[in-house]
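S.K.: Next up is a structure, given as structure tokens.
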Amino acid sequence: MATMLAIPLKKTYEIDLIKPLRNFIQSTFTQANPEDYNNALTEFNKLRNTMITKSVDKHESALEVLCRYYDQLVAIENKLPIAENQIRVQFKWRDAFDEGSFLSGKRTLAIASAAYEKVCMLFNIAALQSQIASIQNFESDEGLKAAVKYFQQSCGILGHLKDIVLSHVQQEPTPDLNPDTLNSLSAVMLAQAQESIYRKATIDRMKESMIAKLAYQCSELYADAMKLMQLGSIRDLWPRDWLATVVMKQAAFHAMAEFYQSVVAQQTKSYGEEIARLQHAMELMTASQTRGGATFAFRNEIGKIQRALESAKKDNDFIYHDKIPDLKTLGAIGKAAVAKAAPVAKPMSSKFADLFEKIVPLPVYDALTAFENRKAQIVNMEIGRLREATTLINSVLSSLNLPAALEDLSGAKVPQSVLDKAKQVQEAGGVAVIDSYISGLPELLTRNREILDESLKTLDDEEKSDTQLREQFKERWTRTPSATLTKPMRDEAVKYRTILDTAIQADKIVREKYEKNKHAITLLSKSPAELEQSLPAAGNAGALQGNPVVQELRKLCEEVETIKAEREVIENEIKEAKFDMSSKFFAALAADGAINEEALSVEELDRVYAPLRQQVSDSIHRQETILARIQNANTEFCHAKSSNQSAAQREALLKDLASGFDNYMELKSNLEEGTKFYNDLTPLLVRLQTKINDFCFARKTEKDELMADLQKQIVNTPSQPPPSAPRYQGGPGGADSGAGGESRKAPPPRPPPPTIPTSTPTTGTGGGAAAAGATAQPTVPTGPSTSQQPNPSAPLPYPSQPPQQHGQPGQPGQPGGYGGWGAPYPNYPSGGYPMPSMPSSYNPYNPYMQYPQQPPPAYGQGYPQGAPPYPMAQAGYPGQQSAPYPQQGYPYPGYPSQQQQPYR
55 MATMLAIPLK KTYEIDLIKP LRNFIQSTFT QANPEDYNNA LTEFNKLRNT
105 MITKSVDKHE SALEVLCRYY DQLVAIENKL PIAENQIRVQ FKWRDAFDEG
155 SFLSGKRTLA IASAAYEKVC MLFNIAALQS QIASIQNFES DEGLKAAVKY
205 FQQSCGILGH LKDIVLSHVQ QEPTPDLNPD TLNSLSAVML AQAQESIYRK
255 ATIDRMKESM IAKLAYQCSE LYADAMKLMQ LGSIRDLWPR DWLATVVMKQ
305 AAFHAMAEFY QSVVAQQTKS YGEEIARLQH AMELMTASQT RGGATFAFRN
355 EIGKIQRALE SAKKDNDFIY HDKIPDLKTL GAIGKAAVAK AAPVAKPMSS
405 KFADLFEKIV PLPVYDALTA FENRKAQIVN MEIGRLREAT TLINSVLSSL
455 NLPAALEDLS GAKVPQSVLD KAKQVQEAGG VAVIDSYISG LPELLTRNRE
505 ILDESLKTLD DEEKSDTQLR EQFKERWTRT PSATLTKPMR DEAVKYRTIL
555 DTAIQADKIV REKYEKNKHA ITLLSKSPAE LEQSLPAAGN AGALQGNPVV
605 QELRKLCEEV ETIKAEREVI ENEIKEAKFD MSSKFFAALA ADGAINEEAL
655 SVEELDRVYA PLRQQVSDSI HRQETILARI QNANTEFCHA KSSNQSAAQR
705 EALLKDLASG FDNYMELKSN LEEGTKFYND LTPLLVRLQT KINDFCFARK
755 TEKDELMADL QKQIVNTPSQ PPPSAPRYQG GPGGADSGAG GESRKAPPPR
805 PPPPTIPTST PTTGTGGGAA AAGATAQPTV PTGPSTSQQP NPSAPLPYPS
855 QPPQQHGQPG QPGQPGGYGG WGAPYPNYPS GGYPMPSMPS SYNPYNPYMQ
905 YPQQPPPAYG QGYPQGAPPY PMAQAGYPGQ QSAPYPQQGY PYPGYPSQQQ
955 QPYR
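Per the working numbering, residue 55 is the first one in the sequence shown, and the count goes up by one each step.
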């Protein structure tokens with residue numbers, strides 16, 4: 055079984071996607087049908103939870119679930135923007151290479167960003183692909199093909215991630231998402247894909263020259279991965295056996311390339327080259343075995359090389375006698391780079407279906423919104439021109455008391471036109487409706503203003519809390535500042551505030567107009583009899599019935615009514631103009647990846663509204679001509695009438711009634727629009743308030759988690775060492791301190807010297823060397839017998855010999871000393887003799903330290919002659935002169951120095 059490295063998966067936590075996404079859809083896509091997205095939201099949330107549970111399965115079905123979820127994330131990024139300042143969903147992922155601990159916590163990163171979720175999902179897809187590839191049967195053709203496919207796909211995804219991770223993750227990523235880490239993993243996956251191709255070539259018994267090139271490319275790719283994995287920023291990240299496996303394979307595949315090239319040399323009867331390459335292959339394989347240790351996976355190959363080398367040497371010695379060339383003179387093997395990084399598929403799942411297909415992408419929705427704004431601007435402008443012209447002609451006719459003056463030739467009855475207007479006012483509700491609308495506006499305004507003020511107060515409180523915590527924790531408070539995230543919401547609130555201020559000014563103008571026309575509106579709200587009593591009588595003007603000027607004025611008034619009717623038709627056509635911009639915007643987005651909304655909208659609006667604009671201009675021009683003719687005819691009509699004071703009062707009142715009717719209709723329309731405006735604004739403000747409340751709640755949750763992490767870090771941070779004890783307490787540098795701050799303790803009292811017989815010299819092997827030329831050696835007394843115990847308070851005899859060096863045995867039958875000292879103290883009382891004080895730098899656990907302590911040897915120089923070998927040499931270090939790690943080599947037991955690397 056081949057030893058393949060599989061990337062561990064990142065771990066995440068379950069979240070609720072339904073509520074925040076539904077709130078956004080309801081507040082943004084107001085025309086969307088709830089049936090179009092409720093089921094989709096449930097399926098999307100279920101898909102993510104399934105992704106979490108299925109990730110542990112090393113099977114294609116689990117990979118399919120991960121790919122479907124990733125594709126859905128890509129599909130909704132233009133429809134449902136999950137970000138800190140829009141749809142706030144906190145995605146929390148743990149570092150893939152972090153095993154975690156109780157004290158240090160786990161390396162996790164939580165960001166409210168769909169881009170971060172996509173990056174983590176891509177990493178997990180690549181990791182699961184590596185795991186599926188690593189468990190394939192590398193002895194079968196199908197297994198090797200699957201391994202090559204998944205390793206190449208994993209390599210392509212990791213290489214893609216390396217290029218985009220920093221632009222997608224605005225914070226410092228976890229170590230597994232570091233670009234250097236991703237680059238290293240991509241290199242490892244590419245090397246393993248090449249290795250799988252090499253193994254398939256060996257099973258298929260391809261030509262040895264091709265297999266040699268494939269193996270040499272494997273060695274080169276593993277060498278690249280080895281260099282990338284040993285970067286200082288990520289070297290400590292890898293599991294224990296990863297680097298050992300990579301460096302082991304680098305040398306092993308170089309050895310196999312040399313082996314297969316030796317077969318090629320044998321086929322061309324270059325027996326010397328064959329032996330040279332086999333010798334080199336053996337050296338490389340030995341180095342690989344030394345590096346890999348327990349991970350070494352080429353035991354069959356090393357035996358094969360050994361047998362081939364022995365056979366080649368034997369044949370050459372007895373038959374060919376070919377000269378063995380130097381390695382430097384041999385030709386290059388060459389490389390066959392077959393494995394390639396596979397591009398990231400779009401979509402990654404063959405069974406993908408967009409759950410939110412009925413919701414248009416946000417760029418299309420924004421373009422449609424902008425188009426509707428442009429359309430509304432044109433509609434309002436053209437309708438405004440029509441209504442302004444109509445208001446002008448109504449005011450002119452009212453000032454001339456037309457057509458009421460033509461109907462009031464008798465001067466006794468109420469003109470029919472006035473009665474008709476009064477009837478319309480009464481049917482519309484009269485003055486009571488106006489009073490009701492005006493009295494209800496302040497309440498609606500107050501309600502909207504309170505919602506807006508409460509929303510802004512919530513934002514202010516959240517920002518204040520964030521600012522205080524940022525000042526408290528400074529650089530450790532790593533989350534995005536509230537001012538950055540709340541800017542779009544504050545801009546929206548400012549927009550609504552401006553709209554409310556404008557509405558207040560409009561309400562003021564409406565009230566002033568109402569007060570000015572209230573008397574006339576009140577009269578029009580009365581019955582015909584009351585209205586007739588309110589009008590003063592005038593003289594008989596029946597003589598003007600057949601006057602041509604009267605006929606002219608009536609004709610002109612009829613033309614005015616015709617123009618008004620035409621304008622109603624034009625206004626309806628402007629309002630009801632139909633457009634199909636969705637298909638145009640979709641086509642532009644699919645073709646160019648972007649939408650030039652302005653160009654497309656202006657072109658379509660001009661095509662539809664250009665004829666209607668021309669009709670509006672023609673109507674206004676006709677009105678100007680008719681008004682001039684009406685003013686001339688009315689001048690003649692006024693000269694023809696015989697006027698008196700009562701007639702003038704009656705005519706003025708009729709003018710006021712005509713003007714009051716026009717103003718009543720205008721006021722009623724304005725007040726209805728104002729009431730509708732306030733009622734329509736309330737849901738928008740409530741949605742803004744809901745968005746702000748959801749944002750603040752998510753920020754509070756994020757704050758609580760970050761606070762918990764900070765508290766955990768603070769608790770686990772080692773405390774500072776205590777201060778030095780003062781001098782009067784015997785601290786360093788105090789009265790009881792020796793040189794260098796070492797504590798000086800009173801030595802035990804010295805006993806009197808023992809009785810030394812001169813007849814028996816001491817020649818023990820372990821008690822220290824006797825001075826040359828001494829006439830006698832002191833003998834340590836045997837001590838008191840069991841029947842004659844000394845007084846414990848009496849001083850004990852003290853030997854005259856110096857203590858033995860560490861590691862020297864004592865005299866036969868005597869103990870080896872005290873505290874690691876070799877000087878014997880035989881037959882002392884059971885309580886023992888007090889051990890002399892050791893130097894503060896003495897380390898009793900170092901078995902290679904001589905006493906007195908010698909300085910340690912320089913790095914890479916080994917220990918002095920006669921010292922025991924370095925303990926790590928038992929793990930494979932090549933000799934006493936090898937340092938625990940070579941000067942420029944790799945940190946593995948037995949890794950040869952640069953001079954011992956035959957493969958480089």
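A virtual CB, placed ideally from N, CA and C, is assigned to each residue, including glycine.
Tell me whether Leu163 sits in a helix, a strand or coil according to DSSP, three-state version.
M.R.: Strand.
S.K.: What would DSSP say about Trp296, mapped onto helix, strand or coil?
M.R.: Here Trp296 sits in helix by DSSP.
S.K.: Kindly indicate the opening and closing residues of the alpha helix (DSSP H) around Asn544.
M.R.: For clarity, residue 544 is Arg in the given sequence; the question names Asn instead. Its alpha helix (DSSP H) spans residues Ser536 to Leu578.
S.K.: Work out the CA separation of Gly647 and His308 for me, nearest whole Å.
M.R.: Distance between the alpha carbons of His308 and Gly647: 48 Å.
S.K.: Could you tell me whether the Cβ atoms of Gln183 and Gln207 are closer together than 7 Å?
M.R.: Their beta carbons are under 7 Å apart, which means Gln183 touches Gln207 by this criterion.
S.K.: With distance defined between alpha-carbon atoms, name the residue in Lys412, Leu409 and Pro417 nearest to Ala642.
M.R.: The residue with the shortest Cα to Cα distance from Ala642 is Pro417.
S.K.: Helix, strand or coil for Arg428? Go by DSSP, reduced to three states.
M.R.: Helix, per DSSP.
S.K.: How big is the Cα-Cα spacing for Ala201 and Ser188?
M.R.: If you take the alpha carbons of Ala201 and Ser188, they lie about 7 Å apart.
S.K.: Kindly indicate which three-state DSSP category Phe83 falls into: helix, strand or coil?
M.R.: In this structure, Phe83 counts as coil in the three-state DSSP scheme.
S.K.: Considering only C-alpha positions, which residue in the set Asp672, Val604, Thr66 and Asp734 is nearest to His693?
M.R.: The shortest Cα separation from His693 among Asp672, Val604, Thr66 and Asp734 belongs to Val604.
S.K.: Can you list, in chain order, the residues of its chain whose CB lies under 7 Å from that of Leu764, leaving out five sequence neighbours each side?
M.R.: Closer than 7 Å at Cβ, skipping near neighbours: Phe527 and Arg530.
S.K.: Quick one: Cα of Thr349 to Cα of Pro88, how far?
M.R.: Rounded to whole angstroms, Thr349 to Pro88 spans 58 Å at the Cα level.
S.K.: Using the Cα positions of Pro602 and Asn688, report the straight-line distance between them to the nearest angstrom.
M.R.: Between Pro602 and Asn688, the C-alpha separation is close to 12 Å.
S.K.: Pick helix, strand or coil for Ile189, following the three-state DSSP scheme.
M.R.: Reduced to three states, the DSSP call for Ile189 is coil.
S.K.: In angstroms, rounded to a whole number, what distance separates the CA positions of Met175 and Ile186?
M.R.: Roughly 16 Å separates the two Cα atoms.
S.K.: Note down the Cα distance separating Ala129 from Asp408, rounded to an integer number of angstroms.
M.R.: Whole-angstrom Cα-Cα distance: 7 Å.
S.K.: Does DSSP classify Lys65 as helix, strand or coil?
M.R.: Lys65 falls in the strand class under three-state DSSP.
S.K.: Using the C-alpha atoms, what's the distance from Leu610 back to Arg683?
M.R.: Going from the Cα of Arg683 to the Cα of Leu610 covers about 8 Å.
S.K.: Round the Cβ separation of Ala86 and Ile413 to the nearest angstrom and send it over; I've been treating them as touching at under 8 Å.
M.R.: Yes, they are in contact, since the Cβ atoms of Ala86 and Ile413 sit about 6 Å apart, within 8 Å.
S.K.: Does the stretch 105 to 114 come close enough to the stretch 389 to 402 that 3 or more CB-CB pairs lie under 8 Å?
M.R.: In short, these stretches do not touch, since the Cβ pair count stays below three.
S.K.: Near Lys73, what residues of its chain come up, given a Cβ to Cβ distance below 6 Å and the 5 sequence neighbours on each side ignored?
M.R.: Hits under 6 Å: none found.
S.K.: Indicate the three-state DSSP secondary structure (helix, strand or coil) for Phe406 in the structure shown.
M.R.: DSSP places Phe406 in coil when its eight states are reduced to three.
S.K.: Quick one: grab the DSSP three-state call for Ser307.
M.R.: In the sequence under discussion, the amino acid at residue 307 is Phe, which differs from the Ser named in the question. It is helical.
S.K.: Check Phe639 in the structure and name its three-state DSSP category.
M.R.: Phe639: helix per DSSP, three-state reduction.
S.K.: Between which two residues does the alpha helix (DSSP H) harbouring Lys999 extend?
M.R.: Since the displayed the chain opens at 55 and closes at 958, residue 999 lies outside it and no answer follows.
S.K.: Does the beta-carbon of Met435 have 16 or more other beta-carbons within 10 angstroms, so that it is buried, or is it exposed?
M.R.: Met435 should be labelled exposed.
S.K.: Under the DSSP definition of a beta bridge, which residues are partnered with Arg148?
M.R.: Beta-bridge pairing links Arg148 to Lys65 and Thr162.
S.K.: My guess is that Ala311 and Tyr270 are in contact by the Cβ rule of under 8 Å, so how many angstroms apart are they, rounded?
M.R.: Indeed, because the Cβ distance is near 4 Å, the residues count as touching under 8 Å.
S.K.: Return the first residue and the last residue of the alpha helix (DSSP H) that Tyr252 is part of.
M.R.: Per DSSP, Tyr252 belongs to the alpha helix (DSSP H) from Pro233 to Ile257.
S.K.: Please report the Cβ distance between Ile617 and Tyr718, rounded to the nearest whole angstrom; I am assuming they are in contact, meaning their Cβ atoms lie under 8 Å.
M.R.: Not a contact, Cβ separation roughly 21 Å.
S.K.: Pick helix, strand or coil for Ile136, following the three-state DSSP scheme.
M.R.: Here Ile136 sits in strand by DSSP.
S.K.: Report back the beta-carbon spacing between Ser287 and Asn232 to the nearest angstrom; my notes put them in contact at under 8 Å.
M.R.: That belief holds up - the Cβ atoms of Ser287 and Asn232 are roughly 7 Å apart, short of 8 Å.
S.K.: Per DSSP, what are the beta-bridge partners of Ile141 in this structure?
M.R.: Answer is Ile136.
S.K.: I need the DSSP call for Gln344, collapsed to helix, strand or coil.
M.R.: The displayed chain sequence assigns Thr, not Gln, to residue 344. Helix, per DSSP.
S.K.: I need the DSSP call for Pro780, collapsed to helix, strand or coil.
M.R.: It is coil, neither helix nor strand.
S.K.: What residue range does the alpha helix (DSSP H) around Phe527 cover?
M.R.: Here the alpha helix (DSSP H) through Phe527 covers Gly484 to Phe527.
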